[in-house]
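Numbering (my numbering), first residue to last: 1 to 223.
Note that the Cβ used here is the ideal one computed from N, Cα and C, for glycine as well.
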């Protein structure tokens, strides 16, 4: 079922609504990261001046830039997926409605509204950051195994992504049975793997939304 949903989701990423949503998601995600980088740089600059760190203005500026870059790399690893999925969640109705109308025209969906989309986005970010921070010591300890860190990362984020994807589509169809736990996790695993691939991770939020629609509606309805 997951493989079928993933294959059916692939053409959906080239839908006009999907391309528009991807543009919004990328632009807003990059804007949020740019604001974070500016805030970090300003913070490091204020700390350097306050404590008198640095061996001159040029070295001090280099230190601020280096510290900002290191934190942004770590933040990108932790926050990109959360931010992209949260931003997409705010506008996901566009692509979800387009897929439903094209592939499941006989299914009636219940609009979720902007307020619920906002709550979903905030809850998604909170869960992702919170659980990955809790798992951070285990990530570090498992580095010695070579594959333990990536295995735990995939397992945890497959669960988180699966929940996000289900929360994105299930409220639109309250009369349908919810996705199973195993179905959610497998769906999340496919999405988590895609987020690990450079450039492909830009398509991951759109692909994930499309796959969730096909997972929910494809098992119970026929287009």
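Contact belief for residue i with residue j at Cβ below 8 Å, rounded distance in angstroms
i           : j           : result
residue 211 : residue 5   : 5 Å
residue 189 : residue 158 : 4 Å
residue 15  : residue 98  : 6 Å
residue 71  : residue 93  : Actually they are not in contact, since the Cβ atoms of residue 71 and residue 93 sit about 34 Å apart, beyond 8 Å.
residue 25  : residue 84  : 6 Å
residue 120 : residue 168 : 7 Å
residue 184 : residue 151 : 19 Å between Cβ atoms; not a contact.
Same chain, Cβ closer than 8 Å to residue i, neighbours up to 5 away in sequence not counted
i           : result
residue 68  : 37, 40, 41 and 44
residue 193 : 154
residue 206 : 12, 13, 18, 21, 22, 25, 88 and 95
residue 107 : 100, 173, 217 and 221
residue 136 : none
Pairwise C-alpha distance: residue j and residue i
i           : j           : result
residue 49  : residue 64  : 11 Å
residue 180 : residue 20  : 31 Å
residue 146 : residue 122 : 33 Å
residue 7   : residue 118 : 29 Å
residue 88  : residue 140 : 30 Å
residue 203 : residue 124 : 18 Å
residue 165 : residue 191 : 9 Å
residue 101 : residue 209 : 15 Å
residue 73  : residue 10  : 29 Å
residue 281 : residue 134 : Absent from the model: residue 281. The displayed extent of the chain is 1 to 223, so no value can be given.
residue 33  : residue 138 : 26 Å
residue 127 : residue 31  : 22 Å
Proximal residues to residue i (C-beta, below 6 Å), its chain only, five neighbours per side dropped
i           : result
residue 186 : 2
residue 201 : 195
residue 259 : The chain is shown only over 1 to 223; residue 259 falls outside these bounds and no answer can be derived.
residue 62  : none
Burial state of residue i (16 or more Cβ within 10 Å)
i           : result
residue 35  : exposed
residue 173 : buried
residue 271 : Since the displayed the chain opens at 1 and closes at 223, residue 271 lies outside it and no answer follows.
residue 182 : exposed
residue 223 : Residue confidence for residue 223 is low, a pLDDT of 41 falling below 50, so the modelled location carries little weight; the figure read from the coordinates is stated next. Classification of residue 223: exposed, given that the 10 Å Cβ count is below 16.
residue 29  : buried
residue 27  : exposed
residue 86  : buried
residue 214 : buried
residue 79  : buried
residue 66  : exposed
Close Cβ partners of residue i (< 7 Å) along its chain, the five nearest in sequence each way excluded
i           : result
residue 219 : 1
residue 131 : 156 and 160
residue 196 : none
residue 216 : 169, 170, 173, 176 and 179
Residue i Cβ short of 8 Å to the ligand MG heavy atom set
i           : result
residue 127 : Among the components modelled here there is no ligand, and therefore nothing to report on the ligand MG.
Practice problem: Write down every uninterrupted run of the beta strand (DSSP E) in the stretch 130-183 whose length is 3 residues or greater and which is fully enclosed by it, in chain order. | Solution: Counting only runs that start and end inside the stretch 130-183, there is no beta strand (DSSP E) element of at least 3 residues.
Quiz item: What residue ranges within the stretch 95-136 form continuous alpha helix (DSSP H) runs of no fewer than 4 residues, ordered along the chain?
Solution: Within the stretch 95-136, the runs of alpha helix (DSSP H) that reach at least 4 residues and sit entirely inside it are, in chain order, 113-134.
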